[in-house]
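**Q**
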Amino acid sequence: MLSLLKKLTAGTPAPAPAQPVAATAEKTDPYMLGLHDAMLSGWFNQETGELFKGFPVSADDTLLDVGCGDGGNVHFCGMRGAKIIIADIDGAKVEATRQRLSDTPARDIECHVTDCNPLPIADATATRVVSTEVIEHVDDPAQFLAELVRVGKPGALYLLSVPHPSSEDLQKDIAAAEYFQKPNHIRIISEEQFKAMVSEAGLEVISHSQYGFYWSMWMLLFWEAKVDFSNPDHPLLNHWADTWKTVLDSPRGAQIKQALDAVVAKSQVIIARKPTASL
Numbered sequence: 077m078l079s080l081l082k083k084l085t086a087g088t089p090a091p092a093p094a095q096p097v098a099a100t101a102e103k104t105d106p107y108m109l110g111l112h113d114a115m116l117s118g119w120f121n122q123e124t125g126e127l128f129k130g131f132p133v134s135a136d137d138t139l140l141d142v143g144c145g146d147g148g149n150v151h152f153c154g155m156r157g158a159k160i161i162i163a164d165i166d167g168a169k170v171e172a173t174r175q176r177l178s179d180t181p182a183r184d185i186e187c188h189v190t191d192c193n194p195l196p197i198a199d200a201t202a203t204r205v206v207s208t209e210v211i212e213h214v215d216d217p218a219q220f221l222a223e224l225v226r227v228g229k230p231g232a233l234y235l236l237s238v239p240h241p242s243s244e245d246l247q248k249d250i251a252a253a254e255y256f257q258k259p260n261h262i263r264i265i266s267e268e269q270f271k272a273m274v275s276e277a278g279l280e281v282i283s284h285s286q287y288g289f290y291w292s293m294w295m296l297l298f299w300e301a302k303v304d305f306s307n308p309d310h311p312l313l314n315h316w317a318d319t320w321k322t323v324l325d326s327p328r329g330a331q332i333k334q335a336l337d338a339v340v341a342k343s344q345v346i347i348a349r350k351p352t353a354s355l
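Quick note: the sequence shown uses the working numbering, first residue 77, plus one each step.
Here is the structure:
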């Protein structure tokens, strides 16, 4: 989502600076707050070694990330010592992720610039397969998922995510027009459709969850603020980040977050398993 917003807003002029005001408390970093919010939802658990709850990664794993983006997911997995295979249609992102992985103890790094049709990877290669926020972009989700299933070993775990329809519907009349045009989001996937896609590809759905009320609201306000992604400084965004930080810091912050994530979520996440040969 963040890399998509960066593309859509490149060159957008920032608004004229506001008049000086009295000094205030230190500004909340919206991206660090978003990372903290994601961790509360089960991402990047250092203690358990789970990239997402129910998706552990160890040095014994060969992990494939299709649509690796800026490499945040695979950096966590590289730090676990896994073999990392990355694939993305954007060569610059593949190279940036390769460099990012170079400071990790990943036991091997393999890189592919590809449209994933097909993946240049042998059958039954990976024990862990990750593809986050990609299926909504592709022309043929069934073909894409078939490739992911083909390259997974029997028993491999899959971590798949797409935008949740509650957030996408919220953006419809506010977002930049190109947000819902190729090569960006060309489909909105319901919960039922997502589960059916994964099941019909031959995977067993283990869990299906959603998270990201914070980012859904941030995105909505971002479009209204009309600021540059590299410097999203606007009262709407600043006040929202401050408000959400205050919510999370409150005694029942986690409970409130959980309730709001259940109403409007940025993403839906499925953990699935490829059946073993005996099944």
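No residue lacks a Cβ here, since even glycine has one placed at the ideal position from N, Cα and C. Remember, predicted model here, so these are calculated numbers, not experimental data.
Does Gln286 come out as helix, strand or coil in the three-state DSSP assignment?
**A** As a working mapping, residue 286 is identified with position 210 in the sequence shown. Residue state, collapsed to three classes: strand.
**Q** For the 8 Å Cβ check, are there 3 or more pairs between the stretch 119-135 and the stretch 144-162?
**A** Touching, yes.
**Q** Pull the bridge partners of Tyr234 from the DSSP assignment, please.
**A** As a working mapping, residue 234 is identified with position 158 in the sequence shown. According to DSSP, which records beta bridges pairwise, Tyr234 is partnered with Val205, Ala348.
**Q** Under the rule that 16 or more other beta-carbon atoms within 10 Å means buried, what is Val274, buried or exposed?
**A** Against the sequence shown, residue 274 aligns to sequence position 198. Val274 is buried by the Cβ-count criterion.
**Q** Please list, in chain order, all residues of the same chain as Phe289 whose beta carbon is under 8 Å from its beta carbon, the five residues on each side excluded.
**A** If you number the sequence shown from 1, residue 289 lands on position 213. Hits under 8 Å: Lys333, Leu336, Asp337, Val339, Val340, Ala341, Lys342.
**Q** For Asp245, which residues of its own chain have a beta-carbon under 6 Å away from its beta-carbon, when the five flanking residues on both sides are left out?
**A** Taking the first residue of the sequence shown as 1, we reach residue 245 at position 169. No residues qualify anywhere along the chain.
**Q** I'd like the span of the beta strand (DSSP E) that includes Ile185, first residue to last.
**A** Walking along the sequence shown from the start, residue 185 turns up at place 109. Counting along the chain, the beta strand (DSSP E) containing Ile185 begins and ends at 184-189.
**Q** For Val212 and His261, which I take to be in contact (beta-carbon distance under 8 Å), what is that distance rounded to the nearest angstrom?
**A** Here residue 212 is taken as the residue at index 136 of the sequence shown, counted from 1. Here residue 261 is taken as the residue at index 185 of the sequence shown, counted from 1. Sequence inspection shows Glu at residue 212; the Val mentioned does not correspond to that position. Yes, Glu212 and His261 are in contact; Cβ-Cβ is about 5 Å, under 8 Å.
**Q** Starting from Ile160 and walking both ways along the beta strand (DSSP E), at which residues does that stretch end?
**A** The residue you call residue 160 lines up with position 84 of the sequence shown. Per DSSP, Ile160 belongs to the beta strand (DSSP E) from 159-164.
**Q** Helix, strand or coil for Val339? Go by DSSP, reduced to three states.
**A** As a working note, residue 339 is residue 263 in the sequence shown. Reduced to three states, the DSSP call for Val339 is coil.
**Q** Kindly indicate which three-state DSSP category Ala99 falls into: helix, strand or coil?
**A** Residue 99 sits at position 23 when you count from the first residue of the sequence shown. Only weak support is given to the placement of Ala99: the predicted model assigns it a pLDDT of 47, under 50, and the value that follows is read from those uncertain coordinates. It is coil, neither helix nor strand.
**Q** Does DSSP put Leu279 in a helix, a strand or coil?
**A** If you number the sequence shown from 1, residue 279 lands on position 203. Leu279: coil per DSSP, three-state reduction.
**Q** Per DSSP, which residues does Pro239 bridge with? Please list them.
**A** To locate residue 239, count along the sequence shown from 1; it is residue 163. Answer is Ser343.
**Q** For the alpha helix (DSSP H) holding Asp318, just list the boundary residues, first then last.
**A** Along the sequence shown, read from residue 1 onward, the residue named residue 318 stands at position 242. Segment 311-325, the alpha helix (DSSP H) holding Asp318.
**Q** Return the CA-CA distance between Ala99 and Leu109, expressed in angstroms with no decimal places.
**A** Your numbering for residue 99 matches position 23 in the sequence shown. Your numbering for residue 109 matches position 33 in the sequence shown. At Ala99 the pLDDT is 47, less than 50, meaning the model places this residue with poor confidence and gives no usable figure here.
**Q** Label Glu268 either buried or exposed according to how many other C-beta atoms from any shown protein chain fall within 10 Å of its C-beta, with 16 as the threshold for buried.
**A** Here residue 268 refers to the residue found at position 192 when the sequence shown is read from its first residue. Result: exposed.
**Q** Could you check the C-alpha separation between Asp309 and Leu279 for me, to the nearest Å?
**A** Along the sequence shown, one-based indexing puts residue 309 at 233. Along the sequence shown, one-based indexing puts residue 279 at 203. Rounded to whole angstroms, Asp309 to Leu279 spans 43 Å at the Cα level.
**Q** Can you give me the start and stop residues for the beta strand (DSSP E) that Asp141 sits inside?
**A** Indexing the sequence shown from 1 puts residue 141 at position 65. Unbroken beta strand (DSSP E) run through Asp141: 138-142.
**Q** Closer than 7 Å by C-beta to Thr180: which residues in its own chain qualify, once you throw out the five before and the five after it? Chain order, please.
**A** The residue you call residue 180 lines up with position 104 of the sequence shown. His151, Gly154, Met155, listed in sequence order.
**Q** Flag this pair as yes or no: are the beta carbons of Leu139 and Val205 separated by less than 9 Å?
**A** Working through the sequence shown from its first residue, we reach residue 139 at position 63. Working through the sequence shown from its first residue, we reach residue 205 at position 129. For Leu139 and Val205, yes; Cβs fall inside 9 Å.
**Q** Classify Ser243 as buried or exposed, calling it buried when 16 or more other Cβ atoms lie within 10 Å of its own Cβ.
**A** Here residue 243 refers to the residue found at position 167 when the sequence shown is read from its first residue. Looking at its Cβ environment, which holds 16 or more other Cβ atoms inside 10 Å, Ser243 is buried.
**Q** Grab the span of the beta strand (DSSP E) containing Asn121 for me, first residue to last.
**A** In the sequence shown, residue 121 corresponds to position 45, counting from 1. First-last of the beta strand (DSSP E) with Asn121: 119-121.
**Q** Given Glu276, which residues of its chain have a CB within under 6 Å of its CB, disregarding the five upstream and five downstream residues?
**A** For the purposes of this step, residue 276 is taken as the residue at position 200 of the sequence shown. Within the same chain, Glu276 has no close Cβ partners at all.
**Q** Pick helix, strand or coil for Leu195, following the three-state DSSP scheme.
**A** Position 119 of the sequence shown, counted from the first residue, corresponds to residue 195. Leu195 falls in the coil class under three-state DSSP.
**Q** So the beta strand (DSSP E) Phe128 belongs to, where does it begin and stop?
**A** As a position in the sequence shown, residue 128 is number 52, starting the count at 1. First-last of the beta strand (DSSP E) with Phe128: 126-128.
**Q** Look at the Cβ atom of Leu236, then the Cβ atom of Thr208, and state whether they are nearer than 9 Å.
**A** As a working mapping, residue 236 is identified with position 160 in the sequence shown. As a working mapping, residue 208 is identified with position 132 in the sequence shown. Contact flag set, yes.
**Q** Does the distance from the CB of Val345 to the CB of Ser285 come in under 9 Å?
**A** Mapped onto the sequence shown, residue 345 falls at position 269. Mapped onto the sequence shown, residue 285 falls at position 209. For Val345 and Ser285, yes; Cβs fall inside 9 Å.
**Q** Determine the DSSP secondary structure at Gly147, reduced to helix, strand or coil.
**A** For this step, residue 147 is matched to residue 71 along the sequence shown. In the structure shown, Gly147 sits in coil (DSSP, three-state: anything other than H, G, I, E or B).
**Q** Decide if Asn307 is buried, meaning its Cβ has at least 16 other Cβ atoms within 10 Å, or exposed.
**A** Looking up residue 307 in the sequence shown gives position 231. Classification of Asn307: exposed, given that the 10 Å Cβ count is below 16.
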